[in-house]
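Undergrad:
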Ligand code: SF4
Ligand code: SF4
Ligand code: FES
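Residue numbers (our numbering): 3 to 237.
1) State the CB to CB distance for the pair residue 103 and residue 51, rounded to an integer number of angstroms; the pair is presumed to be in contact (CB under 8 Å).
2) What are the start and end residues of the beta strand (DSSP E) that includes residue 25?
3) Within the same chain, show all residues whose beta-carbon is closer than 6 Å to that of residue 63, passing over the 5 residues directly before and after it, in chain order.
4) Is the Cβ-Cβ distance between residue 162 and residue 133 less than 7 Å?
5) Helix, strand or coil for residue 50? Go by DSSP, reduced to three states.
6) Whole angstroms is fine: what's the gap from residue 88's alpha carbon to residue 4's?
7) CA-CA distance, residue 97 and residue 105?
8) Let me know the secondary structure DSSP gives residue 7 once reduced to three states.
9) Would you call the stretch 152-168 in contact with the stretch 207-222, where contact means no fewer than 3 C-beta pairs closer than 8 Å?
10) Given a threshold of 16 other Cβ atoms within 10 Å of its Cβ, counted over all protein chains shown, does residue 85 qualify as buried or as exposed?
11) Pull up the CB-CB distance for residue 138 and residue 208, whole angstroms please, since I reckon it's below 8 Å.
12) For residue 208, name the three-state secondary structure that DSSP assigns.
13) Quick check: what's the CA-CA separation for residue 195 versus residue 118?
14) According to DSSP, is residue 101 part of a helix, a strand, or is it coil?
15) Check the C-beta distance from residue 35 over to residue 55 and give it rounded, since I have them as a contact under 8 Å.
16) Using the C-alpha atoms, what's the distance from residue 193 back to residue 111?
17) Could you give the distance in angstroms between the alpha-carbon of residue 9 and the alpha-carbon of residue 181?
18) How should residue 33 be labelled, buried or exposed, when 16 other C-beta atoms within 10 angstroms of its C-beta is the threshold for buried?
19) Determine, using beta carbons only, whether residue 191 and residue 218 come nearer to each other than 7 Å.
20) Could you check which residue in 37, 14 and 16 has the C-alpha nearest to that of residue 6?
21) Can you look up residue 79 in the DSSP assignment and give me helix, strand or coil?
22) Residue 49: which of 101, 95, 131 and 28 sits nearest, CA to CA?
23) Are there any heavy atoms of ligand 3 lying less than 6 Å away from the beta-carbon of residue 55, as far as the coordinates show?
24) DSSP three-state label for residue 166, please.
25) Measure how close the beta-carbons of residue 189 and residue 158 come, nearest whole angstrom, since I'm counting them as under 8 Å.
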């Protein structure tokens with residue numbers, strides 16, 4: 003089948019983006035990632051489209067981009083999912099464009115750093131199930147793309163940070179938990195509108211709703227409970 007690809011191109015963030023169109027004769031099971039590789043090698047070897055990839059197996063999150071208006075992994079999007087035969091590729095819109103389909107996702111990693119999202123001391127093992135679910139996050143940023151409450155520079159960090167935070171809340175020693183509860187409340191609980199668009203879009207199929215409920219319960223209700231215990235019975 004013949005597929006038309008409309009690809010947004012932009013040499014740098016200061017340049018105005020434009021669309022370049024290509025036609026590719028392909029089989030229906032080819033991925034968008036394969037089409038990009040073919041276009042680059044067969045049609046424009048001297049001016050290849052810039053895009054990120056590593057595993058090509060839905061494991062690294064590098065190839066996240068907007069495909070026909072929806073954030074997806076290029077190695078996971080198949081031609082047969084687009085029966086009209088037209089596929090539009092754009093970079094993720096919540097991050098600055100570096101070049102063509104490559105964006106700078108460092109804001110996401112900066113938020114993880116700000117949250118102190120690493121384990122101090124021995125991991126507790128009692129909530130392995132939550133930890134496993136959270137460990138599948140690819141840090142692709144697709145959830146931030148669809149989140150109505152996330153914008154770069156804001157205080158709300160979004161699901162890409164909630165997920166590792168949930169893992170830490172589940173695994174951390176009690177002392178580290180106290181600090182995390184505060185950070186979680188400030189950068190996630192207060193800003194999340196619970197629309198759950200992040201759950202439907204996650205290419206790793208992470209049950210973000212479950213992590214949300216679990217972390218809210220731990221970070222918010224435990225804090226309230228502790229406060230009411232500290233201030234004694236209110237008769
Ligand atoms: S939660 Fe899902 S969509 Fe968000 S960064 Fe992790 S893998 Fe990507
Ligand atoms: S539930 Fe809605 S507001 Fe909260 S992180 Fe997910 S998409 Fe954003
Ligand atoms: S290249 Fe790793 S997820 Fe697509």
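Virtual Cβ for every residue (Gly too), placed ideally from N, Cα, C.
TA: This is what the structure gives:
1) Within the chain shown, numbered from 1, the residue matching residue 103 stands at position 101. Within the chain shown, numbered from 1, the residue matching residue 51 stands at position 49. Indeed, because the Cβ distance is near 7 Å, the residues count as touching under 8 Å.
2) For the purposes of this step, residue 25 is taken as residue 23 along the chain shown, with counting starting at 1. That run of the beta strand (DSSP E) goes 20-27.
3) Sequence index remark: in the chain shown, residue 63 carries index 61 (1-based). Hits under 6 Å: 140, 141 and 142.
4) Numbered from its first residue, the chain shown carries residue 162 at position 160. Numbered from its first residue, the chain shown carries residue 133 at position 131. Taking 7 Å as the Cβ cut-off, residue 162 and residue 133 do not qualify as a contacting pair.
5) Translated into the one-based positions of the chain shown, residue 50 becomes position 48. Note: residue 50 maps to coil in three-state DSSP.
6) For the purposes of this step, residue 88 is identified with residue 86 of the chain shown, where counting begins at 1. For the purposes of this step, residue 4 is identified with residue 2 of the chain shown, where counting begins at 1. Looking at the two C-alpha atoms, the distance is approximately 9 Å.
7) Here residue 97 refers to the residue found at position 95 when the chain shown is read from its first residue. Here residue 105 refers to the residue found at position 103 when the chain shown is read from its first residue. Looking at the two C-alpha atoms, the distance is approximately 6 Å.
8) Locating residue 7 in the chain shown gives position 5, counting from the first residue. Residue 7: strand per DSSP, three-state reduction.
9) Short answer: they touch.
10) For the purposes of this step, residue 85 is identified with residue 83 of the chain shown, where counting begins at 1. That one is exposed.
11) Working through the chain shown from its first residue, we reach residue 138 at position 136. Working through the chain shown from its first residue, we reach residue 208 at position 206. Rounded, the Cβ-Cβ distance is 6 Å, consistent with contact.
12) The residue you call residue 208 lines up with position 206 of the chain shown. The answer is coil: DSSP assigns residue 208 none of H, G, I, E or B.
13) Position 193 of the chain shown, counting from 1, holds the residue named residue 195. Position 116 of the chain shown, counting from 1, holds the residue named residue 118. Near 24 Å, if we compare the C-alpha coordinates of residue 118 and residue 195.
14) Locating residue 101 in the chain shown gives position 99, counting from the first residue. The three-state secondary structure of residue 101, taken from DSSP, is strand.
15) Mapped onto the chain shown, residue 35 falls at position 33. Mapped onto the chain shown, residue 55 falls at position 53. About 6 Å separates the two Cβ atoms, so the contact holds.
16) As a working note, residue 111 is residue 109 in the chain shown. As a working note, residue 193 is residue 191 in the chain shown. Their backbone Cα atoms lie some 19 Å apart in a straight line.
17) If you number the chain shown from 1, residue 9 lands on position 7. If you number the chain shown from 1, residue 181 lands on position 179. Cα to Cα, residue 9 sits roughly 44 Å from residue 181.
18) Your numbering for residue 33 matches position 31 in the chain shown. Buried, by the Cβ-count rule.
19) The residue given as residue 191 occupies position 189 in the chain shown. The residue given as residue 218 occupies position 216 in the chain shown. Result yes, Cβ atoms of residue 191 and residue 218 sit closer than 7 Å.
20) Locating residue 6 in the chain shown gives position 4, counting from the first residue. It is 37.
21) In the chain shown, counting from the first residue as 1, residue 79 sits at position 77. It is coil, neither helix nor strand.
22) The residue labelled residue 49 in the question sits at position 47 within the chain shown. It is 101 whose Cα lies nearest to the Cα of residue 49.
23) Here residue 55 refers to the residue found at position 53 of the chain shown. Placement of the Cβ of residue 55 at a distance of less than 6 Å from at least one heavy atom of ligand 3 is found.
24) Residue mapping note: residue 166 aligns to position 164 of the chain shown, counting from 1. The answer is helix: DSSP assigns residue 166 an H, G or I state.
25) For the purposes of this step, residue 189 is taken as the residue at position 187 of the chain shown. For the purposes of this step, residue 158 is taken as the residue at position 156 of the chain shown. The Cβ separation is near 6 Å, so the contact holds.
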